[in-house]
Amino acid sequence: MKKKPIVLCVGNCFADQSSLEWLLTREFDVQLQHCDTTAEVMANLDQESTALVLVNRIFDRDGAAGLDLIAHIKADSRYNSIPIMMLSNYAQYQEEAVRLGAEPGFGKSEIHSASTVTKLANYLPRN
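With the first letter of the sequence shown counted as 1, position 42 gets the number 184 in the working numbering; the numbers rise by one all the way through.
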């Protein structure tokens, strides 16, 4: 049986994590891996074939900055080809994430929109 692509969902609170899980499992044939810290993300990048990393602007668990994680991953030649999206309603953080090498992301207010599904479909197989 073919292994499903993995989406790392990073730094989200329980409510946002649940919304993302609902969207991703309904629309896409993927496996989700929730990560609370940068160390967890890096350990998962080392062990798994990751299709996409969805990064919260500020990590719920430890307050780390999602932009710092994006910069860290994009600076590492082992992982810089993995697509990353910022999860934030704030345009300035979306723009900064793209400047650091992320793909255009989406805000929490857009999780259930058709445009978000379209963005994600560029990287994930549909159900």
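Using N, Cα and C, we set each Cβ at its ideal position, and we do this for glycine too.
For residue i, which of helix, strand or coil comes out of DSSP?
| i | result |
| --- | --- |
| V152 | strand |
| N186 | helix |
| I224 | coil |
| R268 | strand |
| V197 | strand |
| A256 | helix |
| L211 | helix |
Alpha carbon to alpha carbon, what distance is there between residue j and residue i?
| i | j | result |
| --- | --- | --- |
| C151 | Q159 | 7 Å |
| D202 | A193 | 23 Å |
| D171 | Q234 | 31 Å |
| N154 | N198 | 6 Å |
| S251 | N231 | 7 Å |
| V149 | I200 | 18 Å |
| A185 | Q175 | 12 Å |
| D188 | K144 | 20 Å |
| V183 | E237 | 22 Å |
In chain order, what residues of the same chain lie with their CB nearer than 7 Å to the CB of residue i, ignoring the 5 residues before and after it?
| i | result |
| --- | --- |
| V240 | P246 |
| K146 | D171, V172 and Q173 |
Excluding five sequence neighbours on each side, which residues of the same chain lie with their C-beta closer than 6 Å to the C-beta of residue i?
| i | result |
| --- | --- |
| N222 | K216 |
| L196 | C151, M227 and L229 |
Who are the near neighbours of residue i in its chain, counting only those whose CB is closer than 8 Å to its CB and skipping five residues on each side?
| i | result |
| --- | --- |
| S191 | K145, P147 and I148 |
| T258 | L165, F248 and E252 |
Q. With a cut-off of 8 Å, do at least 3 Cβ pairs link the segment 207-214 to the segment 251-264?
A. Short answer: they don't touch.
Q: Check whether the segment 168-181 touches the segment 191-209, counting contact only when three or more Cβ pairs, one atom from each stretch, lie closer than 8 Å.
A: The answer is yes - the segment 191-209 touches the segment 168-181, with three or more Cβ pairs under 8 Å.
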